[in-house]
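One structure is given below, encoded as structure tokens.
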Amino acid sequence: MTTSDSISVSTNQDGLSFINIDNAHATAKVSLFGAHLMSYCPKSDGKERLWVSPHAYLNGEKPIRGGIPLCWPWFGHNHGQEKGTLPSHGFLRTQTWSIANSKDTSEGTELTLLPAFTKAKGFDHKCEVKLVIMIGESLSVSLITTNIDDHEFSIDCALHTYFNVEHIGKTTIDGITGDYEDKTRESAVLTTPTPYFVSEETDRIHFCEAPNITIVEDGVRTTEITSSGNDTIVVWNPWHGAASLSDMDAFGYKHMLCVETTVTQGYGLQPNETHVLTQVISTAK
Ligand code: TA6
0 MTTSDSISVS TNQDGLSFIN IDNAHATAKV SLFGAHLMSY CPKSDGKERL
50 WVSPHAYLNG EKPIRGGIPL CWPWFGHNHG QEKGTLPSHG FLRTQTWSIA
100 NSKDTSEGTE LTLLPAFTKA KGFDHKCEVK LVIMIGESLS VSLITTNIDD
150 HEFSIDCALH TYFNVEHIGK TTIDGITGDY EDKTRESAVL TTPTPYFVSE
200 ETDRIHFCEA PNITIVEDGV RTTEITSSGN DTIVVWNPWH GAASLSDMDA
250 FGYKHMLCVE TTVTQGYGLQ PNETHVLTQV ISTAK
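Take the sequence shown: its position 93, counted from the start at 1, is 92 in numbering that gives the first Met the number 0, and no numbers get skipped.
Now the structure itself:
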């Protein structure tokens, strides 16, 4: 049901549909392919918070490079089978979703999106999934999973957000402490540096207590990232590895930083239990 005056739907030449939101608080854009947030720009400072590769596939052939890809019911290649046999990061981000509801509230525009399917090769449990997005002075994204089967099953999931940064070399990350698994150093467990800069290929799974607040400061904008329902935060930048990605230019790494709200250690959902993974993106107060 659509009761919102602040949205319009457009379709590109490849048949992909996009929801365009423009309300008193912000503008945003969501691709129905992948329920994929591609843009969020608060009107308070007019600074785009999300980065999307200029070479992103927008034809449904591949996941969109940038914005907020949804990873579920596994993260990366962690699906218990041979790497490459199943799609990286699961199968929500490569299917077309539908709008279950949209409404304008005093806080902003709320969208509820539903996937076409929640079972596929590698995952055969009955569950309901929805994505609830609130576009307001802050952007709130919640990936919600309910176990409607008669047994427990485990999921990993992530809001794999690509943040727009002026220059990675001038960007700092605050609020992450403790140990991390370094996927660029054979999963060595190391201690989060302070101050936290990115100056090489970075692929780190930070262990954390939820909820937690991370601040990304790039000299042009400050972004506060509040995570809940997560057991880790992943920080990723491909650095020179960007050159090997078909949907990213070699220097694209200079203008993006992934700070991902993630469940990577397995969350066991009991029958009738609901798990909510939320990331709130806001201009720092
Ligand atoms: O979140 C970090 C990561 O798991 C990296 O290892 C890298 O694979 C990145 O995700 C991008 O994955 P994708 O499948 O979207 O190319």
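All C-beta atoms, glycine included, are put in the ideal place defined by N, C-alpha and C.
* Bounding residues of the beta strand (DSSP E) (the contiguous stretch that carries cysteine 156) -> Start at 1 with the first residue of the sequence shown, and residue 156 comes out as number 157. Note, cysteine 156: beta strand (DSSP E), 152–158.
* Environment of valine 51 [buried if 16+ CB atoms lie within 10 Å] -> Within the sequence shown, residue 51 is the residue found at index 52, counting from 1. Buried: at least 16 other Cβ atoms inside 10 Å.
* Any heavy atom of the ligand TA6 closer than 7 Å to the Cβ of tryptophan 235? -> As a first step, residue 235 is located in the sequence shown; it is residue number 236 there, counting from the start. Yes.
* Relative to the ligand TA6, is the shortest distance from any of its heavy atoms to the C-beta of cysteine 207 smaller than 7 Å? -> The sequence position of residue 207 within the sequence shown is 208, counting from 1. Outside the cutoff, so no.
* **Closest residue to aspartate 4 among Leu110, Asn211, His88, Glu259 (Cα-Cα distance)** => As a position in the sequence shown, residue 4 is number 5, starting the count at 1. The option with the nearest alpha carbon to aspartate 4 is Leu110.
* In chain order, what residues of the same chain have a beta carbon less than 8 Å from the beta carbon of threonine 201, not counting five sequence neighbours either side? -> Mapped onto the sequence shown, residue 201 falls at position 202. Answer for threonine 201: Thr183, Val234, Trp235, Asn236, Trp238, listed in chain order.
* Check lysine 253 in the structure and name its three-state DSSP category. => The count along the sequence shown starts at 1 and reaches residue 253 at position 254. It is helical.
* **Simplified DSSP state of tryptophan 235, which is helix, strand or coil** => As a first step, residue 235 must be located in the sequence shown, where it is residue number 236. Residue state, collapsed to three classes: strand.
* Roughly how far, in whole angstroms, is the beta-carbon of isoleucine 147 from the beta-carbon of lysine 125, given that I think they are within contact range, below 8 Å? -> Counting from one through the sequence shown, the residue named residue 147 turns up at place 148. Counting from one through the sequence shown, the residue named residue 125 turns up at place 126. At roughly 5 Å, the Cβ-Cβ gap stays under 8 Å, so isoleucine 147 and lysine 125 are in contact.
* Closer than 7 Å: lysine 82 CB and nearest the ligand TA6 heavy atom -> Position 83 of the sequence shown holds residue 82. No - the ligand TA6 has no heavy atom lying nearer than 7 Å to the Cβ of lysine 82.
* Asked: If we ignore side chains and look at the alpha-carbon of each, how far apart do aspartate 44 and alanine 283 end up?
  -> Here residue 44 refers to the residue found at position 45 when the sequence shown is read from its first residue. Here residue 283 refers to the residue found at position 284 when the sequence shown is read from its first residue. C-alpha separation (whole angstroms): 11 Å.
* Using the rule of at least 16 other Cβ atoms within 10 Å of the residue's Cβ for burial, across every protein chain shown, is histidine 24 buried or exposed? -> Residue numbering aside, residue 24 sits at position 25 when the sequence shown is read from its first letter. Buried, by the Cβ-count rule.
* Inter-residue spacing [alpha-carbon to alpha-carbon] between isoleucine 67 and serine 186 -> On the sequence shown, position 68 is the one that residue 67 refers to. On the sequence shown, position 187 is the one that residue 186 refers to. About 25 Å.
* Would you mind giving the Cβ-Cβ distance between valine 29 and isoleucine 143, rounded to the nearest angstrom? I have them listed as a contact below 8 Å. => Sequence index remark: in the sequence shown, residue 29 carries index 30 (1-based). Sequence index remark: in the sequence shown, residue 143 carries index 144 (1-based). Not quite, the Cβ-Cβ distance comes to about 16 Å (not below 8 Å), so this is no contact.
* Under 7 Å Cβ to Cβ from histidine 76, same chain only, skipping five residues before and after it: list those, please. => Your numbering for residue 76 matches position 77 in the sequence shown. Counting only Cβ-Cβ distances below 7 Å, and skipping sequence neighbours, we find Lys82, Ser87.
* Taking one C-beta from the region 248–263 and one from the region 167–175 each time, how about it: are there three or more such pairs within less than 8 Å? -> yes
* To do: Quick one: grab the DSSP three-state call for isoleucine 167.
  => Your numbering for residue 167 matches position 168 in the sequence shown. Helix, per DSSP.
* Any heavy atom of the ligand TA6 within a distance shorter than 7 Å of the CB on serine 75? -> For the purposes of this step, residue 75 is taken as residue 76 along the sequence shown, with counting starting at 1. What sits at residue 75 in the sequence shown is glycine, not serine. Yes.
* To do: Classify glycine 107 as helix, strand or coil using the three-state DSSP reduction.
  => On the sequence shown, residue 107 is found 108 positions in, with the first residue counted as 1. Three-state DSSP puts glycine 107 in a strand.
* Asked: CB-CB under 6 Å to arginine 203, same chain, minus the five flanking residues each way: which ones, in chain order?
  -> As a first step, residue 203 must be located in the sequence shown, where it is residue number 204. Around arginine 203: Tyr179, Asp181, Val234.
* Give a yes or no on contact between the region 224–234 and the region 258–267, applying the rule of three or more CB pairs nearer than 8 Å. => yes
* Asked: Going straight from the alpha carbon of isoleucine 18 to that of threonine 10, what length do you get?
  -> Within the sequence shown, residue 18 is the residue found at index 19, counting from 1. Within the sequence shown, residue 10 is the residue found at index 11, counting from 1. Taking the straight line joining both Cα atoms gives about 9 Å.
* Asked: In terms of residues, what are the limits of the beta strand (DSSP E) holding methionine 37?
  -> As a working note, residue 37 is residue 38 in the sequence shown. Residues 35–41.
* Are proline 72 and glycine 89 closer than 8 Å when you measure CB to CB? -> Translated into the one-based positions of the sequence shown, residue 72 becomes position 73. Translated into the one-based positions of the sequence shown, residue 89 becomes position 90. It is a contact, given that the beta carbons lie within the stated cut-off.
* Roughly how many whole angstroms lie between the Cα atoms of proline 41 and glutamate 47? -> As a working note, residue 41 is residue 42 in the sequence shown. As a working note, residue 47 is residue 48 in the sequence shown. Distance between the alpha carbons of proline 41 and glutamate 47 is about 7 Å.
* Please check the pair glycine 177 and threonine 191, which I expect to be a contact at CB under 8 Å, by giving their CB distance rounded to whole angstroms. => Along the sequence shown, one-based indexing puts residue 177 at 178. Along the sequence shown, one-based indexing puts residue 191 at 192. Yes, glycine 177 and threonine 191 are in contact; Cβ-Cβ is about 6 Å, under 8 Å.
* To do: Indicate whether serine 153 and glycine 267 have their beta-carbon atoms separated by less than 8 Å.
  => The count along the sequence shown starts at 1 and reaches residue 153 at position 154. The count along the sequence shown starts at 1 and reaches residue 267 at position 268. Cβ atoms of serine 153 and glycine 267: closer than 8 Å.
* Asked: Is DSSP giving glycine 265 helix, strand or coil here?
  -> As a first step, residue 265 must be located in the sequence shown, where it is residue number 266. Note: glycine 265 maps to strand in three-state DSSP.
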